[in-house]
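Okay, so the sequence shown: first residue is 1 according to the UniProt record's numbering, each after it adds one.
Note that beta-carbon positions come from the ideal geometry of N, C-alpha and C, so glycine has one too.
Notes for the one structure printed next.
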Amino acid sequence: MNPQQHQGDFGEAVVRAFCIAAGFNLARYDVDDGIDFVITKRDRKHRRAPCIEVQVKSCSTLVERNGCWPYALDADAFEQLSDEDPVGPPQYLLLVRVPPDSEKFADPTDSGPGFNAPIYWMSLKGMGDGRRNTSSRTISVPRANLLTQEVLIKLFEEAAEDDRRRRYGDGGGGSR
Numbered sequence: 001m002n003p004q005q006h007q008g009d010f011g012e013a014v015v016r017a018f019c020i021a022a023g024f025n026l027a028r029y030d031v032d033d034g035i036d037f038v039i040t041k042r043d044r045k046h047r048r049a050p051c052i053e054v055q056v057k058s059c060s061t062l063v064e065r066n067g068c069w070p071y072a073l074d075a076d077a078f079e080q081l082s083d084e085d086p087v088g089p090p091q092y093l094l095l096v097r098v099p100p101d102s103e104k105f106a107d108p109t110d111s112g113p114g115f116n117a118p119i120y121w122m123s124l125k126g127m128g129d130g131r132r133n134t135s136s137r138t139i140s141v142p143r144a145n146l147l148t149q150e151v152l153i154k155l156f157e158e159a160a161e162d163d164r165r166r167r168y169g170d171g172g173g174g175s176r
């Protein structure tokens, strides 16, 4: 298997396993438009099932600088994620830090297959400056933005609140 494809597939699998373990649903669009997954959760509190969209990137050579992971994001991905769409769901970059050696991707223990791949998140909304770069833009993903179940729930709750505001206006108006 191509090592870059293996790394990318592993990164997406880690995100998928994490979200499922946290009780969320994932879907993939039929046409690749720069978004890897739509994450949603339908329950009694969220009958309309608001969602967030994510693009998953993986890297085995991240070097921390000033509390951040500098990452060269391709220009198309940067444009997609930095767009300020007032009606679409929130979009996030999920950066999976994978070991350089693919044999270390999974570290099985008695308690299960421990994935050696933390996930970091970042919103790029509004970061676009109108300059079109032909290759990549280096972004700084804060190391503090470790994706946890609590963080995923918070991002989802914010998406649900934004959805309610768009539907009912800032005053609420809808049942909560």
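May I ask you to report which of helix, strand or coil DSSP gives residue i?
| i | result |
| --- | --- |
| F115 | strand |
| C19 | helix |
| D32 | coil |
| E157 | helix |
| D163 | helix |
| P86 | coil |
| L152 | helix |
| V54 | strand |
| P100 | coil |
| E12 | helix |
| G173 | Note on G173: pLDDT 48, under 50, position unreliable in the model; the coordinate value appears next. In this structure, G173 counts as coil in the three-state DSSP scheme. |
How is the beta strand (DSSP E) around residue i delimited, first residue to last?
| i | result |
| --- | --- |
| L26 | N25 to A27 |
| T61 | No beta strand (DSSP E) contains T61, which DSSP labels as neither H nor E. |
| S140 | S136 to P142 |
| V38 | F37 to T40 |
Along the alpha helix (DSSP H) that carries residue i, what are the first and last residues, could you check?
| i | result |
| --- | --- |
| S82 | A75 to S82 |
List the residues that DSSP assigns as beta-bridge partners of residue i.
| i | result |
| --- | --- |
| M122 | L93 |
| P70 | S140 |
| L146 | Y120 |
Could you work out which residue in the options is closest to residue i when comparing CA atoms only?
| i | options | result |
| --- | --- | --- |
| S140 | V63, P86 and D36 | V63 |
| Y92 | M127, A106, N2 and G169 | M127 |
| residue 177 | D32, V31 and K41 | Outside the shown range of the chain, which is 1 to 176, sits residue 177, and nothing can be said about it. |
| I39 | V31, D32, A27 and D33 | A27 |
| E53 | R131, V14, S135 and M122 | M122 |
| T138 | L147, G23, R131 and P70 | P70 |
| A13 | L81, F78 and R97 | R97 |
| P89 | L155, D76 and Q7 | L155 |
| C51 | N25, V151, C59 and F10 | N25 |
| S82 | E158, G34, E161 and F10 | G34 |
Could you confirm whether any beta carbon from chain C is found closer than 8 Å to the beta carbon of residue i?
| i | result |
| --- | --- |
| F115 | Within the model displayed, chain C is absent; a lone protein chain is all it includes. |
task: Would you check if the segment 61-76 and the segment 142-149 touch, i.e. whether three or more CB-CB distances between them fall below 8 Å?
output: yes
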